[in-house]
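Participant:
2 protein chains.
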Amino acid sequence: MSAPWRARLQQSLQQNASLAYSKYVQLATVRPNGRPANRTVVFRGFLEGTDHLTFITDKRSNKVSEAAANPAAEVCWYFPTSREQYRVSGLLTVVDSSASEPDLIVARAEMWNSISAAAKYQFFWPHPGFPRLPEYDEAYVVPQDKPMDQAPECFCLLVLKVDEVDLLELFTNSRTVFTPQQGQPGQWDVLDVTP
Amino acid sequence: MSAPWRARLQQSLQQNASLAYSKYVQLATVRPNGRPANRTVVFRGFLEGTDHLTFITDKRSNKVSEAAANPAAEVCWYFPTSREQYRVSGLLTVVDSSASEPDLIVARAEMWNSISAAAKYQFFWPHPGFPRLPEYDEAYVVPQDKPMDQAPECFCLLVLKVDEVDLLELFTNSRTVFTPQQGQPGQWDVLDVTP
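First to last, the protein sequences are chains G and W.
For the first sequence, the numbering used here begins at 25 and goes up steadily by one.
For the second sequence, the numbering used here begins at 25 and goes up steadily by one.
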């Protein structure tokens, strides 16, 4: 049985499906210097057989080194049509080419196959965040002579194992917090709180 | 002279003005337990005479205690129409009823006067995040017998003093990082980097 917040989230996704960016969420992590980082990522569905959220990232991006030092993350998701906010907290796992768990190896390969060509190209670009040099210009176009059938080493699946969901509904001014029940895997406590 | 990223941001706000939620941004802070927090807040303009971003918050909310322990914050702003993302990092100052700096006292009072009645009401509600009890129900409606002309004690102006802006433009796949020049107040370095 899936988590009780999951059906709500899927309903919100449906209600806001007309907005292409309804799957864009903001993912916060903590930098090694103790300051927060926050960036937009695309929600890529739930990991098969789990309630874990998935995203993709480049191994060379800061969120990978941040997650290695501190796996805690919080996704903030605002749905404009339904005027709902989901704050989804949890711990990140970075699934790269060295993954050993069979399910995760398969999930990473399937994710690579599922993404658009444009999304794939970026993984062949120069190092994200490094100065852009004029001689790189041709590197940003469609990469030639690159094998697109297999995920490159820098392609990572990012898995968020959720341990709290805080749902705010602005139309009704209600707020609900979901937390896992201690010692009851798959069971969640649901609490109405003041917005 | 205002910061070079400010004109860009104001242009983006204009380009996306048809979306009521173009002023909704995600604000990340770090919780005292070292985990990130991330929530949607409404951008309330620049602090008079500065390039600092302003927001409002309730003194009883977690972001106030988080900012007290660690003032570092990062705002992530996604503009759907122009397909731009601004990541705005800086340090937070919470301006509450005990503020002593004249400019900030005035800014807080003016902010209170500028917000909608509905926004004001929330500051008279029970403690945010605490369990919602049936006997509170009438507390969520329009509060009666409350003086609305003066900011209540829990009303805070939140000021973000910016020390980095990272602008990603998805239409052109370009990314620009703005950082303050050392020893040159008001001067910013601008660097093109790989997205």
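No residue lacks a Cβ here, since even glycine has one placed at the ideal position from N, Cα and C.
Grab me the residues of Phe79 of chain G's own chain with a C-beta within less than 6 Å of its C-beta, minus the 5 sequence neighbours each way, in chain order.
Facilitator: Val65, Arg68, Leu182
Participant: Would Glu188 of chain W count as contacting chain A if we go by Cβ distances under 7 Å?
Facilitator: The structure shown contains no chain A; its protein chains are G and W.
Participant: What whole-angstrom Cβ distance do Asn62 of chain G and Asn62 of chain W have, given they're in contact under 8 Å?
Facilitator: 6 Å
Participant: Taking the C-alpha atoms as reference points, what is the distance between Pro150 of chain W and Val54 of chain G?
Facilitator: 31 Å
Participant: Taking Cys100 of chain W as the query, report the chain G residues whose CB atoms sit under 7 Å from its CB, ordered along the chain.
Facilitator: Gln50, Asn62, Arg63, Thr64
Participant: Nearest to Phe148 of chain W by alpha carbon, out of W:Lys170, W:Asp127, W:Ser140?
Facilitator: Ranking the options by Cα distance to Phe148 of chain W, first place goes to W:Lys170.
Participant: Answer with buried or exposed for Pro60 of chain G, where buried requires no fewer than 16 other C-beta atoms within 10 angstroms of its C-beta.
Facilitator: buried
Participant: So Val118 of chain G packs on Leu184 of chain G, CB below 8 Å; how close in whole Å?
Facilitator: Not confirmed; about 11 Å, so no contact.
Participant: For Asp75 of chain G, which residues from the same chain have a beta carbon less than 7 Å from its beta carbon, with the 5 sequence-adjacent residues on both sides left out?
Facilitator: Ser26, Ala27, Arg30, Val186
Participant: Could you check whether the stretch 80–99 of chain G touches the stretch 171–180 of chain G, counting it as contact only if at least three pairs of C-beta atoms, one from each stretch, sit closer than 8 Å?
Facilitator: yes
Participant: With a 10 Å radius around its C-beta and 16 neighbouring C-beta atoms as the bar for buried, classify Phe202 of chain G as buried or exposed.
Facilitator: buried
Participant: Express the C-alpha separation of Pro204 of chain W and Val49 of chain W in angstroms, rounding to a whole number.
Facilitator: Taking the straight line joining both Cα atoms gives about 22 Å.
Participant: If you run the structure through DSSP and keep just helix, strand and coil, what is Asn24 of chain G?
Facilitator: No statement about residue 24 of chain G is possible, as the shown extent of chain G runs from 25 to 219 and does not include it.
Participant: Where DSSP assigns a beta bridge to Tyr102 of chain W, which residues make up the other side?
Facilitator: Per DSSP, W:Gln109.
Participant: Between W:Trp101, W:Phe70, W:Ala93, which has its C-alpha nearest Leu192 of chain W's C-alpha?
Facilitator: W:Trp101
Participant: Report buried or exposed for Gln109 of chain W, applying the criterion of at least 16 other Cβ atoms within 10 angstroms of its Cβ.
Facilitator: buried
Participant: Between the alpha carbons of Leu2 of chain W and Ala97 of chain W, how many angstroms are there, rounded?
Facilitator: Here chain W covers residues 25 to 219 and nothing more, so residue 2 of chain W does not appear.
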